[in-house]
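For reference, each letter of the sequence shown is one residue, going 26 to 550 in the numbering used here. From the three backbone atoms N, C-alpha and C, an ideal C-beta is built for every residue, glycine too. Read the structure below first, then the notes.
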Amino acid sequence: MTLNSSETDIVALGQRYPVLVAVVVVIITTTFYNVIAGFLGPRAWSGFPMVGKEPGEWTNKPAQQRWFTQSKQLLKQGLEKFSGPFQMFNPSGVLLVIPPKYADEIRNDERLSFNAFMEKTFFVGYPEFSAFHAVTQGEIMQETVRTKLTQALGHITTDLSKEMAMICNDLLPSSTEWGKTTFSTLATEIAARMSAKVFLGEPLCRNRALVDISIAFTHDAFKAKMALERVPAPLRPLARYWLPEMARVRAIQKAMATLIEPELRARRERKAKLEAAGEPVPKPADSLEWMDAVARGRPWDFAAAQLLLNFNAIHTTSLTLTHLMFDLVADKACVEQLRREVVEVLGEDQGWKKTSLYKMKLLDSCMKESQRINVQSPLFMNRVAIAPVQLSDGTVIPKGATVAVPTLHMQEAGGNWGSDPTTFDGARFLRMRQQPGNENRWQFVTTSVEHLGFGHGKHACPGRFFASNEIKIAVAHLLLKYDWRFEEGRNRPKTVNDGTGQNLPDAKAAVEFRARTPEIDIDSL
Numbered sequence: 026m027t028l029n030s031s032e033t034d035i036v037a038l039g040q041r042y043p044v045l046v047a048v049v050v051v052i053i054t055t056t057f058y059n060v061i062a063g064f065l066g067p068r069a070w071s072g073f074p075m076v077g078k079e080p081g082e083w084t085n086k087p088a089q090q091r092w093f094t095q096s097k098q099l100l101k102q103g104l105e106k107f108s109g110p111f112q113m114f115n116p117s118g119v120l121l122v123i124p125p126k127y128a129d130e131i132r133n134d135e136r137l138s139f140n141a142f143m144e145k146t147f148f149v150g151y152p153e154f155s156a157f158h159a160v161t162q163g164e165i166m167q168e169t170v171r172t173k174l175t176q177a178l179g180h181i182t183t184d185l186s187k188e189m190a191m192i193c194n195d196l197l198p199s200s201t202e203w204g205k206t207t208f209s210t211l212a213t214e215i216a217a218r219m220s221a222k223v224f225l226g227e228p229l230c231r232n233r234a235l236v237d238i239s240i241a242f243t244h245d246a247f248k249a250k251m252a253l254e255r256v257p258a259p260l261r262p263l264a265r266y267w268l269p270e271m272a273r274v275r276a277i278q279k280a281m282a283t284l285i286e287p288e289l290r291a292r293r294e295r296k297a298k299l300e301a302a303g304e305p306v307p308k309p310a311d312s313l314e315w316m317d318a319v320a321r322g323r324p325w326d327f328a329a330a331q332l333l334l335n336f337n338a339i340h341t342t343s344l345t346l347t348h349l350m351f352d353l354v355a356d357k358a359c360v361e362q363l364r365r366e367v368v369e370v371l372g373e374d375q376g377w378k379k380t381s382l383y384k385m386k387l388l389d390s391c392m393k394e395s396q397r398i399n400v401q402s403p404l405f406m407n408r409v410a411i412a413p414v415q416l417s418d419g420t421v422i423p424k425g426a427t428v429a430v431p432t433l434h435m436q437e438a439g440g441n442w443g444s445d446p447t448t449f450d451g452a453r454f455l456r457m458r459q460q461p462g463n464e465n466r467w468q469f470v471t472t473s474v475e476h477l478g479f480g481h482g483k484h485a486c487p488g489r490f491f492a493s494n495e496i497k498i499a500v501a502h503l504l505l506k507y508d509w510r511f512e513e514g515r516n517r518p519k520t521v522n523d524g525t526g527q528n529l530p531d532a533k534a535a536v537e538f539r540a541r542t543p544e545i546d547i548d549s550l
C-alpha cells in the first residue's frame, strides 16, 4: 500500500519526535476518555436515593468534584433526608452510605470485605502500592499486629519512654526561655522514631535514612494515589511510569529494601548458626522477626510490609497526638490535672509497669474526646460487598458496592455529647466510665457504634493498642517536662480539610514551649 504525502509526513514526524507524538496521543486520548467517561460513568446503583447530584447535570463529574468541598454537608443532608442507605459520587466512583444504626449488624459480616476495598481503592495491583497489597495477603500482617505486637506491649513501655526521652533531648531544647516548634512536624518525628524503636530495634532504628524513608512514604503514598486517580483508567498502566509521584514511591521502596533485606539475611544467618550449634535462639523481639516467624518460609515482601507498618503507625499517631496537644494547650486546667495523674501513677508504681498506662484514665479520656471532636474521616468501616448482603430491614446491598458508615453522629448534640458537642471536655469519657457497667466500654481503644474513631468490628484498626501506648507516653513526657502555649494572639489552630474529605490538624501551626522542672524524674524511670 502506498502512503500519501500527509501520512508520510506523520510517520516522519513520529520517527523524528517520538516523545512529542506520544505526548500528543496521550493528551488526545485523555481528553476523549474524559468526555466519554463524563457521560457514561460511574454508574449509580438502582434502588438507592442519590445525594450530591444537582438536577440538570448531564454528567457525574460535578457530583464527584463536589465531594472535595462539600462531603460533610452532603452526608448530613443524606442522613437527615433518608432513614436507610443512600449513594453519593466520590473520586473513586459510587459510594453507598450506610447509616450508623446498621454498624453493629455489618461490622463482622465476611461478605463486606476490607481487603476488596483496599484492592479497589489503593491500586494494590501496581508495584508502587505493594505496601498496601500486604494488607490483603493472608494473615501474616494481621497476626503480626493483632497478636505479636499487642502481646509485646507490656514489655516495651520502658523502652518507649526512654526513646521519648531521647526525642525530647534531640528536638526540644531544655531552655526556660520560650521557643517555638511546628507541632505537626514534631509529632511525626515522635511517631516515626518510637515506631522504629519497636518495629526494627537497635541499631536499625538509629538509621536516620530509615526514619526519613518512613516519614516520606507516609506523605508520598497518598500523593501518588491521588495523582493516579486523576488519570483515566485505561492510561494508568502507562501513566505510572511518567508520574513523578509514582517515581518517588518507587525510589522509597528501593531505599527501604536496601536497608531491610541485608538486615533480614544477617538475622537469619545468626539464627541458623545458633540452631546448628544447638544453642538457644533469642525470642523474636521486633516486627521484622515477628513477620519472619509468622511467614514460616512463605514468600513475603518484608520491605513493603515494613513501609505499611510505619505508614499506619506514623499517620494515626501523629495526627491524633497533634490534635490532642492542640486541645490540651487550649485547656490549661486539664493540663494540670493530667500532670497530677501522671505523677501519681508513676509514683505509686515506682516507674513504668504493665498497668501504669491503664491507670492514666483521665489521659485516656482526653485522647478519646480529642479523637471524637477531631475525627479523621467523615467515613469509616469502608468495605466492598463481595456478595449481596441483606440488612435487617430488608435492604439489599448489591455485590460490588463500596460501602462506608459516616461519623457525623460523633459530634451531634444530645445523648452522651450534651448540648455543646464540639467543645473539648477532657473528662467526658472518664465520667462515662465511672457509670456502673461502663468501666471498659469507653476506653480510647474500645470501638462502638457511638464512637467510630478506629472503625468498628473485625477490621477496626489493629494497631490502636500500640498507638494508645505511644501517645500516652509521649504526652506524659511533653507535659511533665515543658510548658506549652499558642503564639500571642492566636487560639487553637483550626482543623483543615485536605481536599479528600479528611480532617487534619494544621500542619503549619506553631506552638511555643519552655522547659519546666518535672515533679518526677520521668527520664530515669
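Through-space distance from residue j to residue i, alpha-carbon basis
| i | j | result |
| --- | --- | --- |
| residue 140 | residue 226 | 29 Å |
| residue 507 | residue 542 | 8 Å |
| residue 320 | residue 150 | 21 Å |
| residue 347 | residue 550 | 25 Å |
| residue 135 | residue 484 | 10 Å |
| residue 330 | residue 236 | 15 Å |
| residue 514 | residue 285 | 47 Å |
| residue 544 | residue 78 | 58 Å |
| residue 278 | residue 464 | 44 Å |
| residue 127 | residue 398 | 22 Å |
| residue 292 | residue 316 | 13 Å |
| residue 386 | residue 468 | 8 Å |
| residue 220 | residue 70 | 42 Å |
| residue 411 | residue 132 | 15 Å |
| residue 311 | residue 327 | 13 Å |
| residue 268 | residue 110 | 37 Å |
| residue 406 | residue 241 | 26 Å |
| residue 451 | residue 503 | 17 Å |
| residue 157 | residue 296 | 29 Å |
| residue 15 | residue 245 | What the structure shows of the chain is the stretch from 26 to 550, and residue 15 is not part of that stretch, so it cannot be assessed. |
| residue 480 | residue 368 | 32 Å |
Status (buried if at least 16 other CB within 10 Å, exposed otherwise) for residue i
| i | result |
| --- | --- |
| residue 176 | exposed |
| residue 422 | buried |
| residue 409 | buried |
| residue 266 | exposed |
| residue 519 | exposed |
| residue 228 | exposed |
| residue 80 | exposed |
| residue 530 | buried |
| residue 538 | buried |
| residue 283 | exposed |
| residue 307 | exposed |
| residue 64 | Because residue 64 carries a pLDDT of 49, less than 50, the predicted location of this residue cannot be relied on, and no value is offered for it. |
| residue 53 | exposed |
| residue 375 | exposed |
| residue 533 | exposed |
Beta-carbon proximity of residue i to residue j, cut-off 9 Å
| i | j | result |
| --- | --- | --- |
| residue 490 | residue 389 | no |
| residue 482 | residue 472 | yes |
| residue 345 | residue 396 | yes |
| residue 147 | residue 112 | no |
| residue 223 | residue 184 | yes |
| residue 204 | residue 211 | no |
| residue 547 | residue 108 | no |
| residue 536 | residue 350 | yes |
| residue 323 | residue 181 | no |
| residue 393 | residue 476 | yes |
| residue 67 | residue 122 | no |
| residue 334 | residue 493 | no |
| residue 528 | residue 94 | no |
| residue 273 | residue 249 | yes |
| residue 302 | residue 488 | no |
| residue 509 | residue 353 | yes |
| residue 130 | residue 417 | yes |
Cβ-Cβ separation, residue j to residue i (assumed contact under 8 Å), whole Å
| i | j | result |
| --- | --- | --- |
| residue 435 | residue 400 | 5 Å |
| residue 428 | residue 100 | Not confirmed; about 13 Å, so no contact. |
| residue 402 | residue 447 | Actually they do not touch by this definition, with Cβ atoms about 17 Å apart. |
| residue 495 | residue 216 | 7 Å |
Residue-chain proximity (residue i, chain E), Cβ-Cβ < 9 Å
| i | result |
| --- | --- |
| residue 300 | Going by chain labels, chain E is absent from the structure shown, which holds only one protein chain. |
Problem - Segments assigned beta strand (DSSP E), at least 3 residues, entirely inside the region 416-482 - result: Complete beta strand (DSSP E) runs here, min 3: 427-431.
Problem - Residue ranges of each alpha helix (DSSP H) within the region 354-390, 4 or longer - result: Whole alpha helix (DSSP H) segments, 4+ residues: 357-374, 381-384.
Problem - Within the region 281-363, ranges of the alpha helix (DSSP H) (whole runs, at least 4 residues) - result: Listed in chain order, they are 312-320, 327-354.
Exercise for the section: At 3 residues or longer, and completely inside the region 149-235: list those beta strand (DSSP E) runs for me, N to C. Expected result: The beta strand (DSSP E) runs lying completely inside the region 149-235 and spanning 3 residues or more are 204-207, given in chain order.
Problem - Residue ranges of each alpha helix (DSSP H) within the region 76-119, 4 or longer - result: DSSP runs (the alpha helix (DSSP H)) wholly in the region 76-119: 86-106.
Handout entry: Runs of beta strand (DSSP E) wholly within the region 481-518 (minimum 3 residues, chain order)
Key = As far as the region 481-518 is concerned, its whole beta strand (DSSP E) runs of at least 3 residues are 507-511.
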